[in-house]
Amino acid sequence: MPAGTEIRCPLDGVVHSVVDNAGLGDYGPTVILEHAVESVTFYTLYGHLSRVSLHGLTEGQTRHKDEVFATLGSHEENGGWPPHLHYQMIADLLGCRGDFPGVSTRRAQQFYLGLCPPPPLLAL
310 MPAGTEIRCP LDGVVHSVVD NAGLGDYGPT VILEHAVESV TFYTLYGHLS
360 RVSLHGLTEG QTRHKDEVFA TLGSHEENGG WPPHLHYQMI ADLLGCRGDF
410 PGVSTRRAQQ FYLGLCPPPP LLAL
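Just so we're aligned, residue 310 is where the sequence shown starts under my numbering, counting upward by one.
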């Protein structure tokens with residue numbers, strides 16, 4: 310997707326954390342939203358955003374389903390990557406704020422697959 314593409318909230322949520330992971334090869338501007346569906350709480354991480362996306366976002370703010378809350382960042386601002394969205398569902402952040410592993414070793418793969426279910430589950 311091109312830089313500037315709007316990112317919409319998949320369902321109602323609250324801003325958990327907002328961080329610019331500015332290092333080369335990192336996520337760049339990153340937002341994590343917290344969601345609660347019935348009695349289940351989980352998180353969605355959005356990485357490689359534009360820096361302007363972080364302006365005005367604060368922890369605890371409510372975001373609503375289909376609301377535009379961010380845009381994709383350019384190569385220069387999103388960790389050096391071509392513009393794309395890193396979208397990740399997370400069952401337990403393990404105490405992390407504004408960041409969470411997006412890759413793992415083979416040894417840790419099953420552990421992280423248990424924490425990060427496939428995003429299509431939101432459609433169920």
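C-beta: ideal position from N, C-alpha, C; glycine also. This structure is a prediction, so every number in the text was calculated from the model and none was measured.
| Check | Outcome |
| --- | --- |
| Counting C-beta neighbours from all protein chains within 10 Å, is the total for Gly-388 16 or more, i.e. buried, or is it exposed? | buried |
| Distance, Cα to Cα, Gly-337 vs His-344? | 22 Å |
| Using 8 Å as the threshold, is the C-beta distance between Glu-368 and His-395 below it? | no |
| Alpha carbon to alpha carbon, how far is His-373 from Leu-342? | 11 Å |
| Our contact map puts Gly-382 next to Pro-392 with C-beta atoms below 8 Å; I'd like the distance itself, whole angstroms only. | 7 Å |
| Decide if Gln-370 is buried, meaning its Cβ has at least 16 other Cβ atoms within 10 Å, or exposed. | exposed |
| Give a yes or no on whether the C-beta atoms belonging to Arg-317 and Asp-401 are separated by under 8 Å. | no |
| Quick check: Tyr-355 and Val-340, are their CB atoms within less than 8 Å of each other? | yes |
| Could you give the distance in angstroms between the alpha-carbon of Asp-321 and the alpha-carbon of Thr-350? | 12 Å |
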